[in-house]
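See below for the structure under consideration.
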Amino acid sequence: MPVPYRLWGDEARKRFIQNYNVYCLSHTLLLPGREKSCACGREQITSNYFTFSFSLKNAPSEETELFHSGPSCGRKICSLLNITPPLMVELFKREGSGSHTHETSNKPGNDAGEQMLPINKEFFIATNLLFAFLDDFQNTLLQKYVDGICKYPRHAIFPYKIELLNKEISQHDAITRHGTLRQAIAELIRGANRTPREYDFPNLENALKEAGHELFI
Ligand SMILES: [Zn+2]
-7 MPVPYRLWGD
3 EARKRFIQNY
13 NVYCLSHTLL
23 LPGREKSCAC
33 GREQITSNYF
43 TFSFSLKNAP
53 SEETELFHSG
63 PSCGRKICSL
73 LNITPPLMVE
83 LFKREGSGSH
93 THETSNKPGN
103 DAGEQMLPIN
113 KEFFIATNLL
123 FAFLDDFQNT
133 LLQKYVDGIC
143 KYPRHAIFPY
153 KIELLNKEIS
163 QHDAITRHGT
173 LRQAIAELIR
183 GANRTPREYD
193 FPNLENALKE
203 AGHELFI
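So for the sequence shown, our numbering puts the first residue at -7; every next one is plus one.
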């Protein structure tokens, strides 16, 4: 189900938020070779974008769907939802960004990630990488966990949630034939002659090792 009407203009966005439960799931960059349109119906997404989930309020089923918004539209929706736009997960080193790139850019609104415990931030980034790689992939539980981290950034995520993320990744051959999720994304980005960002997830790795799992993140 795509959004039922174009989310263009404040009136349409407000009406939508009144009728649907809307959550912001991620803020990331378009991977090479991917195409997405903004839910406003007026722009093609070219660089960074937000992904939201939505479900009809008071509906019998909890079925959720996704839509994407370009940077300006996405920020307006976040503002109507009264939330800080989530940390943007970088996928590749941007042209001219030099050697002093950090995990987060210094743009306004990216301070959300700074409040997170390191393990939560790792989980947030890893889940966002999965969402970015699998394109319109949905896993309601993982979405709920990400939402929980955004709401309670200082409550350490439970190990079983990390195990679920790792297990989910392990079930996608498009990823595991490259090894890990990070390796799969890096290959895609290198294939487009870009330089992938490198992420370390020491806390997630420890949690998985302790539980005796092979690492797919
Ligand atoms: Zn738009």
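Using N, Cα and C, we set each Cβ at its ideal position, and we do this for glycine too.
Exposure of residue 8, with buried meaning 16 or more beta-carbon neighbours within 10 Å
Buried, since its Cβ has 16 or more Cβ neighbours within 10 Å.
Which residue comes first and which comes last in the alpha helix (DSSP H) that contains residue 8?
Looking at the DSSP string, the run of the alpha helix (DSSP H) that includes residue 8 is 2 to 11.
Whole runs of the beta strand (DSSP E) within the region 136 to 205, excluding any shorter than 3 residues
List check, beta strand (DSSP E) in window: nothing returned.
Look up residue 64 in the DSSP assignment and say whether it is helix, strand or coil.
Looking at residue 64 - three-state DSSP - the assignment turns out to be helix.
Reducing DSSP to helix, strand and coil, say where residue 70 ends up.
Of the three classes helix, strand and coil, the one that applies to residue 70 here is helix, per DSSP.
Could you spell out where the alpha helix (DSSP H) holding residue 129 opens and where it closes?
Here residue 129 belongs to no alpha helix (DSSP H), and DSSP marks it neither H nor E.
Contacting residues, own chain, Cβ-Cβ under 6 Å from residue 91 (five flanking each side not counted)
Residue placement at residue 91 cannot be trusted, given a pLDDT of 43 that sits under 50; the coordinates are not used to answer.
What did DSSP end up calling residue 119 once you bin it into helix, strand or coil?
Helix, per DSSP.
Just list the alpha helix (DSSP H) runs in the region 24 to 53, keeping only unbroken ones of 4 residues or longer that don't cross its boundaries, in chain order.
Whole alpha helix (DSSP H) segments, 4+ residues: zero.
Please go through the same chain and pick out, in chain order, the residues whose beta-carbon is closer than 8 Å to the beta-carbon of residue 93, but skip the five residues on each side of it.
In this predicted model, residue 93 has a pLDDT of only 41, less than 50, meaning its place in the structure is not dependable; the value taken from the coordinates is given anyway. Excluding positions up to five away in sequence, the list reads 82, 85, 86 and 189.
Closer than 8 Å is the cut-off here; do at least three beta carbon pairs connect the region 12 to 31 with the region 60 to 69?
A contact is defined here as three or more CB-CB pairs under 8 Å, and the region 12 to 31 meets this definition with respect to the region 60 to 69.
Bridge partner(s) assigned by DSSP for residue 58:
BP columns for residue 58 point to 45.
Suppose the cutoff is 6 Å on Cβ atoms and the five residues either side in sequence are ignored; what does the same chain contact list for residue 237 look like?
Because the chain here runs from -7 to 209, residue 237 falls outside it and cannot be looked at.
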